[in-house]
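Student:
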Ligand SMILES: *[C@@H]1O[C@H](CO)[C@@H](O)[C@H](O)[C@H]1NC(C)=O
Ligand SMILES: *[C@@H]1O[C@H](CO)[C@@H](O)[C@H](O)[C@H]1NC(C)=O
Ligand SMILES: *[C@@H]1O[C@H](CO)[C@@H](O)[C@H](O)[C@H]1NC(C)=O
Ligand SMILES: *[C@@H]1O[C@H](CO)[C@@H](O)[C@H](O)[C@H]1NC(C)=O
Ligand SMILES: *[C@@H]1O[C@H](CO)[C@@H](O)[C@H](O)[C@H]1NC(C)=O
Ligand SMILES: *[C@@H]1O[C@H](CO)[C@@H](O)[C@H](O)[C@H]1NC(C)=O
Ligand SMILES: *[C@@H]1O[C@H](CO)[C@@H](O)[C@H](O)[C@H]1NC(C)=O
Ligand SMILES: *[C@@H]1O[C@H](CO)[C@@H](O)[C@H](O)[C@H]1NC(C)=O
Ligand SMILES: [Cu+2]
């Protein structure tokens, strides 16, 4: 009887899977104070969702509708961004504060509603206000419409989310505020984490016999695990390895990739990597999973050394338990400044070509050459502890400032741009110079503004992102909202079109939403502006976004109702 019941249940599940009926995925995110003891210290009060770090995972199938009720019981203004989701038709739900909406005020609530259409893989959600995303974040897992059998790779035995993070022993809102007032960068983190836990290689105070919390992944020999690796760290790209194991990368930023074999995965903040790991034939053994920082900055900016660890533990298979308690094996990690390893990983990924999924368009409508980097800007009166100039960042020498009275999207929708934004984001930097190695006499000053680039619906836009070395050169993870882009080429030094064009991958370029521009180098991206609305493109280091490393694309309406920006939902928060 039980047997036939479960058989019937399986049949029912299979039918649901085959019909691919879209479901409604509903969550309540109660955002508020959460007291957590980390690194064996007395409890720190953080802002978190449902008292969890990381926050809850959103599991959806492609085609599902998602509704998330956000209750802001925190003392801070807050919005949530659904990182990498296109939001076609639900542009108002994208989430960046003052770009697509005003914040949800303390005590307020708002329901984000959107469809998960045309993408599969791993994405994530995070706060897009102040530095709150340090602790307000979680995974989004999008499975194929017809279930795990729809993967373009053998179905793994098990899936595991691996969320990399950065931890401060202090209130991150206050930290960001302090940096703003002084015109400086935010202090380095106190530790890195894997699934919210720093791992047992951290030392506790001598008076404590406890060890910091450690994430454990239990595996069985001969089984394949799909690791959904997300870099939710605030300012740090990470190297990721598991001693004695290698990976087959099958996806990045919720786009399938050609299978790529590697023993190290590199993820910059904002990026995700889906990797298969085969557990070998070794019972009773333990291995360290390690996430260590990649700091590309030159000259050096202060950063947190050390690594987060987790433990991969093989099922004992009848072996005595004592053997399983041996110290886990630790594999060597790349040094913090190993740009060669990072570059090899970032340039080795290509898209998996699939019928019905078009690759990069060959005809370009709009070409832009955009410098990205750090500089200095005059202190503003509110920056009461800033001396004359503070650290700033810019794109084409425009240091981006968020509007205060109305969101960019609302101003666009109502056609009242005065005092909110201007449409003069330039297609070239105002000055040509040796970007990668500027002369030391070069003026690093930049000015604040809110400039957008207006593009017509469906235009194919190509952007060369050129890193500058004015104050420091560094690999900036550039994230575009509302679209994926194709990565055509990447290199070091100054971009030279003739040499670069010969290297463009126009066959199967990787498709991403976040790209780590090589330090002192350049990258070429191309995207189709098929999503009317306001979409920021910005550095995904929280240290660089509020100081201006951003711009926005204003994508105009298409010719039909389906290709036009809909009106805002009636309950959208007001300023
Ligand atoms: C939440 O934490 C903040 C900062 O620590 C504190 O100012 C506030 O009073 C707390 N609120 C509640 C409701 O506990
Ligand atoms: C979202 O999906 C639902 C159900 O398929 C559909 O009715 C709705 O029109 C979709 N919304 C948008 C904005 O595409
Ligand atoms: C693993 O697979 C190998 C080869 O198929 C087999 O010989 C071995 O017995 C398997 N080990 C376990 C623990 O299942
Ligand atoms: C990395 O840093 C070390 C010092 O910490 C230095 O000796 C080495 O040359 C650096 N490597 C690169 C590639 O910059
Ligand atoms: C937007 O406003 C300007 C003047 O403020 C006007 O010239 C233009 O036609 C308006 N555009 C639309 C689409 O209404
Ligand atoms: C950037 O703009 C500032 C003025 O806002 C100017 O002083 C500076 O020379 C410009 N720098 C470059 C590299 O264009
Ligand atoms: C947008 O471009 C695509 C691909 O070139 C084309 O099929 C489609 O008709 C265009 N849509 C509009 C409204 O221009
Ligand atoms: C919070 O948002 C409200 C409404 O937009 C705004 O008036 C207020 O200044 C914001 N508070 C802070 C601390 O940014
Ligand atoms: Cu940056």
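Numbering (mature numbering (1 follows the signal peptide of the UniProt record, and there is no 0)), first residue to last: -22 to -1, 1 to 553. Where is the CB? At the ideal position from N, CA and C, for every residue including glycine.
Return helix, strand or coil for residue 533, following the three-state DSSP convention.
Tutor: If you number the chain shown from 1, residue 533 lands on position 555. Note: residue 533 maps to strand in three-state DSSP.
Student: Throw me the rounded Cβ distance for the residue 503 and residue 550 pair, which I believe falls under 8 Å.
Tutor: The residue given as residue 503 occupies position 525 in the chain shown. The residue given as residue 550 occupies position 572 in the chain shown. At roughly 30 Å, the Cβ-Cβ gap does not stay under 8 Å, so residue 503 and residue 550 are not in contact.
Student: Can you have a look at residue 32 and say buried or exposed, based on whether 16 or more other CB atoms are within 10 angstroms of its CB?
Tutor: The residue labelled residue 32 in the question sits at position 54 within the chain shown. Buried is the call here.
Student: Could you have a look at residue 387 and say whether DSSP puts it in helix, strand or coil?
Tutor: Sequence index remark: in the chain shown, residue 387 carries index 409 (1-based). Helix at residue 387.
Student: Could you give the DSSP three-state label for residue 511: helix, strand or coil?
Tutor: Numbered from 1 along the chain shown, position 533 holds the residue referred to as residue 511. Here residue 511 sits in strand by DSSP.
Student: Residues around ligand 1, please: the condition is that the C-beta lies closer than 6 Å to some non-hydrogen atom of it.
Tutor: 11, 23, 53 and 149
Student: Residues in the same chain with beta-carbon distance under 8 Å from residue 357, minus the five sequence neighbours each way, listed in chain order, please.
Tutor: Taking the first residue of the chain shown as 1, we reach residue 357 at position 379. Here the set comprises 161, 364, 365, 366, 367 and 368.
Student: Whole angstroms are fine: how far does the CA of residue 201 sit from the CA of residue 71?
Tutor: Here the question's residue 71 lines up with position 93 in the chain shown. Here the question's residue 201 lines up with position 223 in the chain shown. In a straight line, the C-alpha of residue 71 is about 39 Å away from that of residue 201.
Student: For a test of the three-state rule: what should DSSP assign to residue 102, helix, strand or coil?
Tutor: Position 124 of the chain shown, counted from the first residue, corresponds to residue 102. Residue 102 falls in the strand class under three-state DSSP.
Student: Identify the continuous alpha helix (DSSP H) that holds residue 156 and give its terminal residues.
Tutor: Position 178 of the chain shown, counting from 1, holds the residue named residue 156. In the DSSP assignment, residue 156 falls within the alpha helix (DSSP H) that extends over 150 to 160.
Student: With DSSP as the reference, label residue 6 as helix, strand or coil.
Tutor: Position 28 of the chain shown, counting from 1, holds the residue named residue 6. The answer is strand: DSSP assigns residue 6 an E or B state.
Student: Check whether the Cβ atoms of residue 265 and residue 207 lie closer than 9 Å to each other.
Tutor: Numbered from 1 along the chain shown, position 287 holds the residue referred to as residue 265. Numbered from 1 along the chain shown, position 229 holds the residue referred to as residue 207. No, they are not a contact pair.
Student: In this structure, how does DSSP classify residue 539 when only helix, strand and coil are distinguished?
Tutor: Residue 539 sits at position 561 when you count from the first residue of the chain shown. The answer is helix: DSSP assigns residue 539 an H, G or I state.
Student: Would you check whether ligand 2 has a heavy atom nearer than 8 Å to the C-beta of residue 96?
Tutor: Position 118 of the chain shown holds residue 96. Outside the cutoff, so no.
Student: Could you tell me which of 490, 442, 439 and 474 sits nearest to residue 464, measuring between CA atoms?
Tutor: Against the chain shown, residue 464 aligns to sequence position 486. Proximity to residue 464 across 490, 442, 439 and 474 peaks at 490, based on C-alpha coordinates.
Student: Give the range of the alpha helix (DSSP H) segment to which residue 320 is assigned.
Tutor: As a first step, residue 320 must be located in the chain shown, where it is residue number 342. According to the DSSP assignment, residue 320 belongs to the alpha helix (DSSP H) that extends over 317 to 326.
Student: From the DSSP output, read off the bridge partner residues of residue 517.
Tutor: Counting from one through the chain shown, the residue named residue 517 turns up at place 539. DSSP lists 456 as partners of residue 517.
Student: Should residue -11 go down as buried or exposed, given a rule of 16 or more other Cβ atoms within 10 Å for buried?
Tutor: If you number the chain shown from 1, residue -11 lands on position 12. Since pLDDT at residue -11 reaches only 39, below the 50 mark, its modelled position is unreliable, and the value read off the structure follows with that caveat. Counting C-beta atoms within 10 angstroms of its own C-beta, residue -11 has fewer than 16 neighbours from the protein chains shown and is therefore classed as exposed.
Student: Could you give the distance in angstroms between the alpha-carbon of residue 82 and the alpha-carbon of residue 65?
Tutor: Residue 82 sits at position 104 when you count from the first residue of the chain shown. Residue 65 sits at position 87 when you count from the first residue of the chain shown. Their Cα atoms are separated by approximately 19 Å.
Student: Check residue 302 in the structure and name its three-state DSSP category.
Tutor: Within the chain shown, residue 302 is the residue found at index 324, counting from 1. Residue placement at residue 302 is flagged as unreliable, the pLDDT there being 47, under the threshold of 50; a coordinate-derived value is accordingly withheld.
Student: Among 96, 139, 432 and 277, which has the Cα closest to the Cα of residue 63?
Tutor: Translated into positions along the chain shown, residue 63 becomes position 85. Minimum Cα distance to residue 63 is reached at 96.
Student: What residue range is occupied by the uninterrupted alpha helix (DSSP H) comprising residue 479?
Tutor: The count along the chain shown starts at 1 and reaches residue 479 at position 501. Unbroken alpha helix (DSSP H) run through residue 479: 475 to 479.
Student: Closest to residue 77 by C-alpha separation, out of 459, 496 and 213, would be which residue?
Tutor: Here the question's residue 77 lines up with position 99 in the chain shown. That would be 459, whose Cα lies nearest to the Cα of residue 77.
Student: Looking at C-alpha atoms only, which residue of 260, 339, 41 and 468 is the closest neighbour of residue 322?
Tutor: The sequence position of residue 322 within the chain shown is 344, counting from 1. Per the Cα distances, 468.
Student: Specify which residues have a beta carbon nearer than 5 Å to any heavy atom of ligand 7, listing them in chain order.
Tutor: 436 and 536
Student: Once DSSP output is grouped into helix, strand and coil, what is the label at residue 500?
Tutor: Taking the chain shown and counting its residues from 1, the one referred to as residue 500 is at position 522. DSSP places residue 500 in strand when its eight states are reduced to three.
Student: Just confirm the distance between the C-beta atoms of residue 150 and residue 110, as a whole number of angstroms; I'd bet it's less than 8 Å.
Tutor: On the chain shown, residue 150 is found 172 positions in, with the first residue counted as 1. On the chain shown, residue 110 is found 132 positions in, with the first residue counted as 1. So it is a contact: roughly 7 Å between Cβ atoms.
Student: Under 8 Å Cβ to Cβ from residue 15, same chain only, skipping five residues before and after it: list those, please.
Tutor: Indexing the chain shown from 1 puts residue 15 at position 37. The answer, listed in chain order, is 21 and 22.
Student: Residue 431 and residue 401 - do their beta-carbons sit closer together than 9 Å?
Tutor: Position 423 of the chain shown, counted from the first residue, corresponds to residue 401. Position 453 of the chain shown, counted from the first residue, corresponds to residue 431. Taking 9 Å as the Cβ cut-off, residue 401 and residue 431 qualify as a contacting pair.
Student: Closer than 6 Å by C-beta to residue 455: which residues in its own chain qualify, once you throw out the five before and the five after it? Chain order, please.
Tutor: In the chain shown, counting from the first residue as 1, residue 455 sits at position 477. Counting only Cβ-Cβ distances below 6 Å, and skipping sequence neighbours, we find 246, 247, 248, 492, 494 and 518.
Student: Please name the residue in 526, 234 and 289 whose C-alpha comes closest to that of residue 462.
Tutor: The residue labelled residue 462 in the question sits at position 484 within the chain shown. Taking only the C-alpha atoms, the option nearest residue 462 is 234.
Student: Can you list, in chain order, the residues of its chain with a C-beta nearer than 8 Å to that of residue 310? Leave out the 5 residues immediately preceding and following it.
Tutor: Sequence index remark: in the chain shown, residue 310 carries index 332 (1-based). Closer than 8 Å at the Cβ level, and outside the excluded window around residue 310, lies no residue.
Student: Taking the beta carbon of residue 229 as the centre, do at least 16 other beta carbons fall within 10 Å, making it buried, or is it exposed?
Tutor: Counting from 1 along the chain shown, the entry for residue 229 is found at position 251. By the 10 Å Cβ count, residue 229 comes out buried.
Student: Note down the Cα distance separating residue 436 from residue 343, rounded to an integer number of angstroms.
Tutor: By 1-based counting over the chain shown, the position of residue 436 is 458. By 1-based counting over the chain shown, the position of residue 343 is 365. For residue 436 and residue 343, the distance between alpha carbons rounds to 9 Å.
Student: From residue -18 to residue 339, what does the alpha carbon distance come to, in whole angstroms?
Tutor: Indexing the chain shown from 1 puts residue -18 at position 5. Indexing the chain shown from 1 puts residue 339 at position 361. Reliability fails at residue -18, whose pLDDT of 37 lies under 50, so the model's placement of it is uncertain and the value that follows must be treated cautiously. Note on geometry: alpha-carbon atoms of residue -18 and residue 339 lie some 51 Å from one another.
Student: With distance defined between alpha-carbon atoms, name the residue in 316, 281 and 473 nearest to residue 346.
Tutor: Indexing the chain shown from 1 puts residue 346 at position 368. Residue 346 has its Cα closest to that of 473, out of 316, 281 and 473.
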